[in-house]
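This note's numbering puts the first residue of the sequence shown at 740, with every later residue one more than the last. Note sheet for the following structure.
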Amino acid sequence: MPLNAEELFSERALGFKPSAIREQLKLIDTPEIISLSGGTPDDQFFPIDRVIEASTFALRQYGKKALQYGSTEGIKKLRVLLMDRMEKEGVNSIDLDNVIISTASQQGLSLLAQIFVNPGDTVIVEEPSYIGALQAFASMQAKFCTVPMDKDGMQMDILEDRLKELQKAHIRPKFVYTVPNFQNPVGVTMTLERRKKLIELANKYDLLIVEDDPYGEVRFEGEPIPSLLALGGKDHVVALRTFSKISFPGLRLGWIVARKDIMDKIVLGKQAADLCSPSLTQYIAYEFISRGWLDEYVAVVRREYLKKKNAMISALEQYFPAGASWTNPQGGLFVWVKAPEHIDTTAMFPEAISAKVAYVTGIAFYPHRDDNCHMRLSFSPVDPEHITEGVHRLGDLLKSKI
Ligand SMILES: Cc1ncc(COP(=O)(O)O)c(C=O)c1O
């Protein structure tokens, strides 16, 4: 008799839900569809020759070490380099013990969920929020307390109301999760004033903040704003960073900054998860950064993504119907669109696929799945000409429904 695995799955695993994005991506894997849905970097700018050179050098120089297991914390010279990089951004309260290399940010999210969340624990998240974080927290059976966003990021007055309500109910949230720069999916950035308020609330309510910042360096307009880690220090902030959007997700590398007591648990969690991140890609990353190539690459990404973002905003202005609205990000990969109120973007999705254009339905980013009129458009993986055509197709579809 075939084994019935259902009888063996943990309660946690039984609660796992497929990601709407991955399900939708399966439908659009055909070249005629203009996909404005994937949050992937544009691979036409990957500097393959430089990566070959860095990889060849890394193998010649560190060969045996590069092909061996490494320490759980990661390769020391890479961590030193990253610490220096963060110091230039105003993070000066950390030392090497506070930095660990992770298997990109998604692992950071899983590890934090693992070390902080018991079934039924509350975590505070932005609404809408990054779907992979919601999945990581939900996989540990977290409950979500949501705080809406506006054009300036998470709304601090509402966060404080939520904190008071939780306090009254004797519920201690495990952490507040935020993506302060060019948030996924909304594309907005938390203002300096709100960052300071968040740090103030963290002190007042003794809160831990998880600052997930994959997009901060992909700023193509405006001035950088100090990170929560720079403003508040490591006492109340754990920071997640990644190479995925500033270089290549194929490295599968990121880094976590945390105070020592939290770091000790992260190290143990990581040992159980994967022992260490790949030594080979850590050496490649080290060579790539230390030659100044990361900075040169980020400059190209900024220049090209600005063109793409401009193409998307112009096309939205030209082709979308009255009543639709959208964000205009100064960096990152995403524009968040509100369809005219009565249009259900989930119901419309199959029609968009028939019209050969794809987006991500807004509902995927709402933990309580209660919003149907938004869509996330990504400008990163598509060239400006196709962005214009894709937005044109979507605009026509929306107009046909009014
Ligand atoms: C906000 C945010 N955090 C984390 C990640 C995970 O990225 P990675 O695991 O490639 O570092 C993503 C990926 O899109 C993201 O948008």
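Glycine included, every Cβ here is placed at the ideal spot set by N, Cα and C.
Short Cβ contact (8 Å threshold) for residue i with residue j
i, j, result
"Val-925", "Ile-863", "no"
"Asp-951", "Ser-1119", "no"
"Gly-809", "Cys-1015", "yes"
"Tyr-1105", "Leu-1116", "no"
"Pro-912", "Cys-884", "yes"
"Ser-878", "Arg-1030", "no"
"Met-1002", "Ile-840", "no"
"Glu-1143", "Ala-805", "The requested residue 1143 does not occur in the structure, where the chain is confined to residues 740 to 1141."
"Leu-764", "Val-1096", "no"
"Gly-813", "Leu-979", "no"
"Leu-905", "Thr-842", "no"
"Met-1087", "Leu-1033", "no"
Through-space distance from residue j to residue i, alpha-carbon basis
i, j, result
"Asn-857", "Gln-880", "7 Å"
"Asn-1111", "Val-927", "20 Å"
"Pro-1089", "Gln-783", "29 Å"
"Arg-818", "Val-949", "20 Å"
"Asp-889", "Pro-867", "10 Å"
"Lys-756", "Ile-1092", "23 Å"
"Asn-1067", "Thr-930", "15 Å"
"Lys-882", "Val-1074", "27 Å"
"Tyr-869", "Asn-923", "5 Å"
"Ala-1038", "Glu-960", "12 Å"
"Ile-772", "His-1125", "10 Å"
"Met-895", "Lys-943", "13 Å"
"Gly-1071", "Glu-1128", "21 Å"
"Ile-1102", "Met-893", "18 Å"
"Asn-743", "Ala-1050", "52 Å"
"His-1131", "Asp-768", "20 Å"
"Ala-969", "Met-740", "59 Å"
"Asp-690", "Gly-993", "Because the chain in this structure spans residues 740 to 1141, residue 690 falls outside the shown range and cannot be described."
"His-1107", "Ser-758", "14 Å"
"Phe-785", "Ile-1028", "14 Å"
"Lys-907", "Ile-964", "34 Å"
"Ser-1154", "Gly-871", "The chain is shown from 740 up to 1141; residue 1154 falls before or after that span and cannot be answered."
"Ala-997", "Glu-932", "23 Å"
"Tyr-1022", "Phe-921", "29 Å"
"Ile-854", "Phe-876", "11 Å"
"Gly-989", "Ile-791", "14 Å"
"Arg-934", "Glu-865", "14 Å"
"Gln-807", "Pro-780", "29 Å"
"Ala-1094", "Lys-1047", "21 Å"
"Thr-811", "Ile-1141", "56 Å"
"Thr-1100", "Trp-1065", "14 Å"
"Leu-947", "Val-977", "8 Å"
"Ser-849", "Asp-823", "26 Å"
"Leu-821", "Gly-859", "35 Å"
"Thr-1085", "Glu-899", "32 Å"
"Asp-1122", "Asp-836", "42 Å"
Buried or exposed (CB count within 10 angstroms, at least 16 for buried), residue i
i, result
"Gln-1069", "buried"
"Glu-745", "exposed"
"Glu-1056", "exposed"
"Phe-748", "exposed"
"Glu-1035", "exposed"
"Lys-903", "exposed"
"Glu-962", "exposed"
"Ile-995", "buried"
"Ile-1082", "buried"
"His-909", "exposed"
"Ser-1139", "exposed"
"Lys-999", "exposed"
"Gly-1134", "buried"
"Thr-795", "exposed"
Exercise for the section: Could you tell me whether the stretch 796 to 805 touches the stretch 822 to 834, where touching means 3 or more Cβ pairs closer than 8 Å? Expected result: no
Practice task
Could you name each continuous beta strand (DSSP E) segment of 3 residues or more that falls completely within the stretch 794 to 841, going from the start of the chain to the end?
Solution key: 838 to 841
Problem - Length at least 4, wholly inside the stretch 928 to 979: the alpha helix (DSSP H) runs in chain order - result: 931 to 944 and 967 to 971
Problem - Completely contained beta strand (DSSP E) runs for the stretch 836 to 882, where each covers 3 or more residues - result: 838 to 841 and 861 to 866
Practice task
Answer yes if the stretch 931 to 941 comes into contact with the stretch 1077 to 1086, meaning at least three C-beta pairs across the two stretches below 8 Å, and no otherwise.
Solution key: no
Exercise for the section: Report yes or no: do three or more beta-carbon pairs, one from the stretch 1058 to 1067 and one from the stretch 991 to 1011, lie closer than 8 Å? Expected result: no
Exercise for the section: Within the stretch 1065 to 1093, note down every full alpha helix (DSSP H) run reaching 4 residues or more, in order along the chain. Expected result: 1084 to 1093
Handout entry: Touch test, the stretch 961 to 975 against the stretch 830 to 841, Cβ-Cβ under 8 Å, three pairs minimum
Key = yes
Handout entry: Inter-stretch contact (C-beta, 8 Å, three-pair minimum) for the stretch 1017 to 1024 and the stretch 1034 to 1043
Key = no
Practice task
Count the CB pairs spanning the stretch 984 to 991 and the stretch 952 to 963 that are closer than 8 Å, and state whether there are at least three.
Solution key: yes
Handout entry: Inside the stretch 1010 to 1058 only - alpha helix (DSSP H) runs reaching at least 4 residues
Key = 1018 to 1029 and 1032 to 1058
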